[in-house]
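Peer 1: Starting off with a structure, shown below.
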Amino acid sequence: MATNPVPPFPAGFLWGVSTSAHQIEGATELREPSVWDAFTAGPGRVKDGSTATVACDHYHRYREDVALLADLGVDAYRFSISWPRVRAAGGLDFYDRLVDELCGAGVRPVPTLFHWDLPVGLDWLERDTAARFAQYVGVVAERLGDRVTKWITLNEPAEHTLLGHALGVHAPGGRLLFDALPVAHHQLLAHGLAVQALRAAGAADIGIANSHGPTWPASAERADVEAADFYDVLLNRLFADPLLLGEYPAGLGELMPGDVACDLKVIAEPVDWYGINYYAPTRVGAPEGAEIEFGGVRLPAELPFSVREIEGVPVTDFGWPVVPEGLTELLTGFRDRYGDRLPPVVLTENGCSYEGLDDQARIAYLDGHVRALHAALAAGVDVRGYFVWSLLDNFEWAEGYARRFGLVHVDFATLERTPKASYHWYRELLRARR
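Using our numbering, you'd call the opening residue of the sequence shown number 23 and step up by one each time.
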């Protein structure tokens with residue numbers, strides 16, 4: 023366990039943990055079906071054949087989980103609201119109870135309004151889904167806005183586009199490759215419309231949670247540099263540039279549907295802060311002409327890049343490289359790229375998958391990344407918060423229950439919760455911040 027104290031963070035810095043509805047709630051019979059319910063019903067789509075029908079049963083055990091949050095001492099809890107649950111009769115009642123429980127425990131509720139669990143019957147390929155999303159956001163804001171003061175519109179539209187619609191390894195299972203670009207545009211449009219809906223409801227602290235990471239060329243060769251640049255545009259700038267600059271990277275705007283210039287004015291609605299989910303950098307080179315597996319995902323040979331191993335660094339049980347300094351590089355790079363167009367930043371996810379209750383490797387990972395975050399602060403990046411992924415071991419999408427990201431161990435047979443060594447480490451870090 024790390025013994026050197028973490029450097030001090032500014033007063034008012036927000037410390038929290040994150041989860042998502044589909045991954046922990048269970049109680050699927052009390053909501054409408056989502057695209058993830060339909061996806062996991064198909065054979066071979068989840069590695070262990072599991073579903074989120076029960077997951078952590080957070081729906082029925084939320085009081086126990088809020089007690090864990092209170093004992094942990096976090097300032098805030100980032101959870102997501104299930105659109106399919108809100109569409110069911112009485113579905114918002116659960117979030118009413120959860121928000122009340124959080125407020126009573128002195129934990130600030132920070133809901134994400136879309137975390138991949140689209141209701142069955144809707145499709146991000148269709149523009150109307152963005153308008154339907156804004157309507158749903160308005161309903162939620164009207165119900166919870168008297169107690170919720172910090173909002174997140176979307177979680178990781180890049181991954182939802184790439185994994186769910188381009189490569190088919192996540193719900194809804196589309197294998198459209200570059201024909202999935204309308205999905206990106208309609209999610210970005212949904213974000214802008216949601217910001218408008220939240221503002222109309224009186225919200226004043228709104229952000230988004232985009233995933234980002236540095237892209238490293240595999241070599242200095244021109245083909246590798248160009249492939250890395252393309253990957254960086256696709257996974258980073260495609261989602262940051264429209265939000266922060268009001269424009270798509272060169273060559274992509276004309277590939278999007280509709281009146282793009284008009285839509286960009288909505289997409290670029292000012293946000294109060296910009297959320298970044300960081301896990302690792304990516305090393306990218308020219309295409310190698312063969313399908314490869316990377317991070318549990320098979321990448322088709324026809325992509326104009328290939329993802330390579332980052333050598334000489336430790337990896338998590340998921341096989342993801344552990345590179346804390348990549349977080350400092352990412353944040354200072356965003357500051358340099360976007361300048362005064364970049365609002366304050368919140369790290370909305372950071373975490374790792376390791377087995378065991380005495381998870382010293384997770385402690386080392388989190389300690390290293392908190393220090394890397396502090397280095398970015400010292401370099402002048404305006405960072406306002408840090409959320410660990412995740413509070414609980416949970417249903418890890420196409421990996422099922424094989425990957426454990428939680429500070430709290432969940433026995434999926436008995437649903438018993440057991441705080442890990444990393445939970446106690448984070449609690450001590452938070453106590454030292456007080």
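Each residue gets a CB set at the ideal place from its N, CA and C atoms; glycine is no exception.
Take residue 75 and list the residues in its own chain whose beta-carbon comes closer than 6 Å to its own, dropping the five residues that flank it on each side.
Peer 2: 50
Peer 1: What's the gap between the Cα of residue 442 and the Cα of residue 389?
Peer 2: 15 Å
Peer 1: So within the segment 219-304, which uninterrupted alpha helix (DSSP H) runs reach at least 4 residues, ignoring any that extend past its ends?
Peer 2: 244-254, 260-267, 282-289
Peer 1: Find the nearest neighbour of residue 422 within the set 218, 63, 183, judged by alpha-carbon distance.
Peer 2: Nearest in C-alpha terms to residue 422, of all of 218, 63, 183, is 63.
Peer 1: Less than 8 Å separating the beta-carbons of residue 163 and residue 212?
Peer 2: no
Peer 1: Spatial neighbours of residue 258 within its chain, please: C-beta separation below 6 Å, excluding the five flanking residues on both sides.
Peer 2: The answer, listed in chain order, is 234.
Peer 1: For residue 131 and residue 96, I'd like the C-alpha separation in whole angstroms.
Peer 2: For residue 131 and residue 96, the distance between alpha carbons rounds to 11 Å.
Peer 1: Below 8 Å, how does it come out for the segment 360-368 and the segment 328-338: are there three or more Cβ pairs, yes or no?
Peer 2: no
Peer 1: To which residues does DSSP link residue 99 through a beta bridge?
Peer 2: Beta-bridge pairing links residue 99 to 39, 131.
Peer 1: In the DSSP assignment, what residue or residues form a beta bridge with residue 173?
Peer 2: 228
Peer 1: Specify the secondary structure class of residue 106 as computed by DSSP and reduced to three states.
Peer 2: When DSSP states are grouped into helix, strand and coil, residue 106 belongs to the helix group.
Peer 1: Reducing DSSP to helix, strand and coil, say where residue 119 ends up.
Peer 2: helix
Peer 1: Spatial neighbours of residue 223 within its chain, please: C-beta separation below 8 Å, excluding the five flanking residues on both sides.
Peer 2: 160, 163, 164, 167
Peer 1: Going by beta carbon distance, what residues of the same chain come within less than 7 Å of residue 391, once the five residues before and after it are set aside?
Peer 2: Listed in chain order, the non-local C-beta contacts of residue 391 below 7 Å within the same chain comprise 346, 349, 372, local neighbours out to five positions each way being set aside.
Peer 1: Considering only residues of the segment 310-397, which uninterrupted alpha helix (DSSP H) runs meet the minimum length of 4 residues and lie entirely inside it, listed in chain order?
Peer 2: 347-360
Peer 1: Can you look up residue 143 in the DSSP assignment and give me helix, strand or coil?
Peer 2: Collapsing the DSSP output to three states places residue 143 in coil.
Peer 1: Using the C-alpha atoms, what's the distance from residue 352 back to residue 189?
Peer 2: 25 Å
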